[in-house]
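Written out below as C-alpha cells is the structure these notes cover.
Residue numbers (our numbering): 5 to 481.
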C-alpha cells in the first residue's frame with residue numbers, strides 16, 4: 005500500500021460521508037419552502053408548525069453538510085496537488101460561481117429566514133426560504149458541472165509547456181451535456197431522499213400517535229406523510245427518466261464504465277441486461293476477461309444504451325485494446341466487481357424507496373391511515389434504502405471513471421501530491437475518520453432528539469382556552 009491508495013480511500017470516505025447530507029439539504033430546503041407556502045396561502049397553523057419542525061431538522065443537516073464539505077476542498081491541496089495544478093484554471097470558474105453566487109445566496113437568505121420570523125413580513129420571510137432553496141440547488145449545479153468536466157472535458161486546451169488545462173469556453177463547461185443530465189438525476193434523487201425523510205419521520209410519529217402531546221398532532225403528520233409520499237413518487241419518475249438519459253450519455257462518453265457496470269467483455273449487438281454474473285476480470289497484459297456465469301434479460305442493455313434493441317454496445321476487452329493503442333500500455337478498466345454491484349444496488353435500493361412511495365399513496369388514499377404497525381416500519385426503512393442507493397450511485401460515478409481523474413487527460417496515479425508520504429496520509433485519514441465518526445453520533449443524536457420532541461418543541465401547543473401563537477422567537481432555532 006502506498007500514499008496513492010490511502011489518498012483514494014480518504015477522499016472516498018470523506019466524500020461519501022459528505023454526500024449523506026447533501027441530498028437531504030437540496031430536497032428538504034424545497035419541502036420546507038413548500039410547507040411555508042402552504043401556511044402563507046391558507047393561514048392554517050398546522051402548516052406553520054410543520055414548517056418550523058422540519059425546518060429545524062433541515063438546519064441540523066445543513067450545518068453538518070457545511071462542516072463536512074470544507075474538508076473536501078482541503079484535500080485537493082493536501083493529497084491531490086498534481087490534480088489541482090492540472091484542473092485549477094478550469095475549475096476556478098464554476099467553483100467561484102458556486103461560492104460567490106450559490107452558497108452566498110443560500111447562507112445569507114437562510115440566516116434571514118432563521119432570524120426573521122418575528123422581524124420580516126410573511127411575504128418577505130417566505131421569499132427568504134425560497135431564495136435559500138434556490139441557492140442550494142444552484143450550488144449543486146455548479147459543483148456537478150465541474151465534476152461532469154472530469155468525465156467529459158470540454159471547453160479547454162492543454163498548455164504544451166506547462167501541461168495544465170486552460171479554460172477557453174466557460175459556456176461549454178456549464179452547458180456540458182453530462183452536467184445537465186447528472187444534475188437532473190442527482191437533484192431528483194435528492195428529492196426522493198427528502199420525501200422519504202418526511203415519510204420516515206411522519207411514520208414514526210404516527211406509529212406512536214397514542215403518545216401525541218396534542219390531539220392535532222397526528223393530523224399534521226398525516227398531511228406531512230402524504231406530502232412526503234407525493235414528493236417521493238414524482239421525484240422517482242424523474243429519476244427513472246434521467247437515469248435512462250444518463251445511460252445513453254455513458255455509452256457515448258464513458259463506454260468503459262457502462263461495459264464494466266454490465267460485465268460486458270466483448271462488443272455485442274442486441275446486448276442483454278445482466279441480472280447476475282460471475283466472471284474472471286483479468287484484462288490487459290494478464291489476458292482477456294470473461295464471464296463464467298451470466299443471467300441476462302435480452303436486448304435491454306442495447307435499448308438503454310442506444311435506444312434500439314439491436315444497437316451495438318462496446319465491450320471491455322475491445323475498449324481495453326483501443327485505449328492501449330491510444331494512450332499506451334496499462335489497465336483502463338475500473339474495479340469491475342465493485343462497479344457491477346454498485347450499479348445494481350443503486351437501482352435496486354433507489355427503486356425500493358420509490359415503490360414504498362407508490363404503495364404508501366395507495367394505502368393512505370382518502371385520508372385512510374393503516375392500523376398495521378409494520379406498515380409504518382416499512383415506510384421508515386425507505387429512507388436508509390434511498391440514502392444507500394445515492395451512495396452507490398456516487399461510487400459508480402467516481403470509481404467508474406478510473407483509472408482517470410480527468411478522462412483521457414490525467415490518470416489518478418499522476419494526480420496525487422508528490423511530496424505527501426504514506427505516514428502523513430495515514431495520519432490525516434485516521435484523524436478525519438475519528439472526527440467524522442464523532443460528527444455522525446452528534447448528527448444522529450440531534451435529529452433523534454428533535455424528532456422525539458416533536459413540533460411542540462419549536463412551537464408549543466396552546467393550553468385549554470388559549471390561542472395558537474402567531475410566531476415563535478427566532479432564537480429557538
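From the three backbone atoms N, C-alpha and C, an ideal C-beta is built for every residue, glycine too.
Nothing here was measured: the structure is a model prediction, and the numbers come from that model.
The region 54-68 and the region 85-105 do not touch, with fewer than 3 CB-CB distances between them shorter than 8 angstroms. Taking a 10 Å sphere around the C-beta of residue 419, we find 16 or more other C-beta atoms and assign the residue as buried.
Non-local C-beta neighbours of residue 172 in its own chain, meaning closer than 7 angstroms and more than five positions away in sequence, comprise 159, 160 and 161, ordered along the chain. Counting along the chain, residue 244 sits inside the alpha helix (DSSP H) bounded by residues 221-257. Closest by C-alpha distance to residue 436, out of 312, 406, 22 and 142, is 22. When the Cα atoms are used, residue 349 and residue 364 turn out to be separated by approximately 22 angstroms.
Relative to the Cα of residue 146, the nearest Cα in the group 260, 105, 115 and 19 belongs to 105.
Contact check for residue 451 against residue 61 passes: the beta carbons are separated by less than 8 angstroms. Judged by beta-carbon spacing, residue 320 lies within the 8 angstroms limit of residue 260, meaning their Cβ atoms are closer than that value. Scanning 446, 333, 338 and 358 for the CA closest to the CA of residue 242 turns up 358. For residue 103, the three-state secondary structure derived from DSSP is helix. According to the DSSP secondary-structure assignment, residue 145 is paired through a beta bridge with no residue. In this structure, residue 18 sits away from residue 70, with a CB-CB distance that is not shorter than 8 angstroms. Of 246, 297 and 239, the smallest CA-CA separation from residue 266 is found for 297.
Excluding the 5 residues flanking it on each side, residue 375 has no same chain C-beta neighbour closer than 6 angstroms.
In the displayed model, residue 179 falls within coil according to three-state DSSP, outside both helix and strand.
Take the alpha-carbon of residue 143 and the one of residue 109: they are about 9 angstroms apart.
Here residue 15 is buried: its Cβ has 16 or more other Cβ atoms, across all protein chains shown, within 10 Å.
Burial state of residue 366 is exposed, judged by a 10 Å Cβ sphere holding fewer than 16 other Cβ atoms. The residue among 64, 396, 84 and 28 with its C-alpha nearest the C-alpha of residue 416 is 84.
Cβ-Cβ distances below 6 angstroms link residue 87 to 409 and 419 in the same chain, with the five nearest sequence neighbours on each side left out; the list follows chain order.
Assigned with DSSP and collapsed to three states, residue 428 falls in helix.
Partner residues in a beta bridge of residue 419, as assigned by DSSP, do not exist. Taking a cut-off of 8 angstroms on C-beta distances, the region 396-405 touches the region 334-352, as three or more cross pairs fall below it. Between the region 34-44 and the region 119-133, the count of C-beta pairs closer than 8 angstroms reaches three or more; the two stretches touch.
Straight through space, the alpha carbons of residue 379 and residue 339 are spaced by roughly 38 angstroms. A straight-line Cα-Cα distance of about 36 angstroms links residue 220 and residue 190.
Fewer than three pairs of CB atoms, one per stretch, sit closer than 8 angstroms, so the region 209-220 makes no contact with the region 173-186.
Taking a 10 Å sphere around the C-beta of residue 209, we find 16 or more other C-beta atoms and assign the residue as buried. By the neighbour-count criterion, in which a residue is buried when 16 or more other Cβ atoms sit within 10 angstroms of its Cβ, residue 329 is exposed. Bounds of any alpha helix (DSSP H) do not take in residue 411, whose DSSP letter is neither H nor E. The alpha-carbon of residue 275 is positioned some 7 angstroms away from that of residue 317. The region 426-435 and the region 187-205 do not touch, with fewer than three beta-carbon pairs separated by less than 8 angstroms. The alpha carbon of residue 361 has as its nearest neighbour, out of 422, 77 and 201, the alpha carbon of 201. Within the region 259-345, the alpha helix (DSSP H) runs of at least 4 residues that lie entirely inside it are, in chain order, 259-265, 304-310 and 320-331. Put simply, of 368, 372, 422 and 426 the residue whose alpha carbon is nearest the alpha carbon of residue 81 is 422.
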